[in-house]
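Single-structure report; data block below.
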Amino acid sequence: MATVWFASKNSSELAIFDALNVDQGPLARVILPHRIPDGFHGNWFNKP
159 MATVWFASKN SSELAIFDAL NVDQGPLARV ILPHRIPDGF HGNWFNKP
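Per our numbering, residue 159 is the first one in the sequence shown, and the count goes up by one each step.
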């Protein structure tokens, strides 16, 4: 997964890739209505 920022639109996309075939481009793109800041990250945790 990677976030892509489009400066001209001040919006971002989440691109989802096959790790073994990245050169084939994204499998899916999630269009976001706002910018995701550089360095944004998340955390994984067990749900209680």
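Glycine included, C-beta positions come from ideal geometry on N, C-alpha and C.
Around E171, the same chain offers T161, V162, F164, R187, V188, I189 and L190 as residues with beta carbons nearer than 8 Å, after the five sequence neighbours per side are excluded.
Membership of F164 in the beta strand (DSSP E) is indicated by the continuous run A160 to F164. Taking S169 as reference, the option from K205, I194, P184 and F175 with the minimal CA-CA separation is I194. A straight-line Cα-Cα distance of about 20 Å links P184 and D196. Under the DSSP assignment, I174 falls in the beta strand (DSSP E) whose first and last residues are S169 to I174.
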